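> Residue numbering for the sequence shown follows numbering that gives the first Met the number 0, beginning at 0 and increasing consecutively.
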Amino acid sequence: MKIAFLGTGTSQGVPVIACECSVCQSMDFRDKRLRSSVWIETQGKSFVIDTGPDFRQQMLRIRSKELHAVLFTHQHKDHIAGLDDVRAFNFQQQRDMPIFSSEATLHRIREEFYYSFSDNPYPGVPRLQPRVITNAPFECEGILITPILVMHHKMPVFGFRIGDFTYITDANYIAAAERDKIAGSRVLVVNALQKDRHISHFTLQQALELIDELNVPAAYLTHISHKLGTHAAVEKELPPHVRLAYDGLTLQL
0 MKIAFLGTGT
10 SQGVPVIACE
20 CSVCQSMDFR
30 DKRLRSSVWI
40 ETQGKSFVID
50 TGPDFRQQML
60 RIRSKELHAV
70 LFTHQHKDHI
80 AGLDDVRAFN
90 FQQQRDMPIF
100 SSEATLHRIR
110 EEFYYSFSDN
120 PYPGVPRLQP
130 RVITNAPFEC
140 EGILITPILV
150 MHHKMPVFGF
160 RIGDFTYITD
170 ANYIAAAERD
180 KIAGSRVLVV
190 NALQKDRHIS
200 HFTLQQALEL
210 IDELNVPAAY
220 LTHISHKLGT
230 HAAVEKELPP
240 HVRLAYDGLT
250 LQL
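1) Exposed or buried, what is Phe157 when buried is set at 16 or more other beta-carbons lying within 10 Å of its beta-carbon?
2) Based on the DSSP secondary-structure assignment, which residues constitute the bridge partners of Met96?
3) Would you mind working out which of Asn134, Arg86, Gln93, Pro52 sits nearest Ser100, comparing C-alpha positions?
4) Mind the definition here: the stretch 177–189 touches the stretch 85–98 only if three or more C-beta pairs lie below 8 Å; say whether that holds.
5) May I have the straight-line CA-CA distance separating Ala174 from Leu59, to the nearest angstrom?
6) Given this structure, state the Cα-to-Cα distance separating Ala218 from Pro120, to the nearest angstrom.
7) Which residues in the same chain have their Cβ closer than 6 Å to the Cβ of His67, if we skip the five residues on either side of it in sequence?
8) If we count the other Cβ atoms within 10 Å of its Cβ and call it buried at 16 or more, is His106 buried or exposed?
9) Any chance the stretch 77–89 sits against the stretch 46–55, with 3 or more Cβ pairs inside 8 Å?
10) Roughly how many angstroms lie between the CA atoms of Lys153 and His200, to the nearest whole one?
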């Protein structure tokens with residue numbers, strides 16, 4: 000299994016005007032974070048988790064020529080806004096794009112991309128094949144995927160486990176039964192927004208406590224706000240088996 004971090008950042012707390020903070024002024028490429036997403040290739044199949052506003056740029060950067068499916072964690076704009084750009088893969092592969100999501104996320108996608116769901120769609124619009132998932136294992140292109148239900152304040156969000164790899168973003172609470180699904184993973188990716196307490200995201204300390212409780216051999220932190228600090232500074236605070244992910248980082252399991 001090959002994993003590439005397409006983006007490790009967030010819209011949360013990111014200034015839209017010139018900022019003088021250490022992260023925004025950093026020359027370290029690892030501090031240049033697009034919205035969180037990950038690309039996975041396994042058993043000859045390629046898929047992504049979430050298509051944020053930076054999706055097109057991210058896929059061009061990794062030079063991906065195939066995309067077999069898209070999985071969605073939840074319906075917030077920074078996780079679905081780039082879905083329109085799957086049209087390039089529709090054209091290249093001459094097939095509709097399967098999209099796996101909860102009913103609530105699909106409802107928002109139908110609203111945002113209504114033109115793809117009309118009775119007589121305009122030529123060239125994204126061709127989507129919706130597949131509603133619940134909190135039960137499902138197959139994506141023949142690959143078994145286990146959803147992990149987490150809470151993003153009051154919003155249910157799906158994390159996903161594929162083999163020995165678990166990916167969780169936009170969470171600040173995971174019930175015991177859902178944590179059991181993560182146990183035994185070789186690699187865990189989990190959000191760590193900032194150091195200060197937040198209403199809907201794990202802080203750095205909370206993420207580290209979760210990693211310790213689950214006793215995973217290796218963990219990577221994602222969905223990083225500029226408030227967390229620079230990559231180089233935060234890395235010095237982490238235990239040996241935990242790393243701060245960065246855009247373009249690739250893993251081989």
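Heads up, the beta-carbon is just placed ideally off N, CA and C, and yes, glycines get one too.
Quantities reported herein were computed from a predicted structural model and do not represent experimental measurements.
In this structure, then:
1) Burial call: buried.
2) Answer by DSSP bridge pairing, in chain order: Leu127.
3) The option with the nearest alpha carbon to Ser100 is Asn134.
4) The stretch 177–189 makes no contact with the stretch 85–98: fewer than 3 CB pairs, one atom from each, lie closer than 8 Å.
5) Looking at the two C-alpha atoms, the distance is approximately 37 Å.
6) In this structure, the alpha-carbon of Ala218 lies about 43 Å from that of Pro120.
7) Cβ-Cβ distances below 6 Å link His67 to Lys44, Ser45, Phe46, Glu140 in the same chain, with the five nearest sequence neighbours on each side left out; the list follows chain order.
8) His106 should be labelled exposed.
9) In the pairwise beta carbon analysis, the stretch 77–89 is classified as touching the stretch 46–55: at least three pairs are separated by under 8 Å.
10) The straight-line gap from Cα to Cα measures roughly 11 Å.
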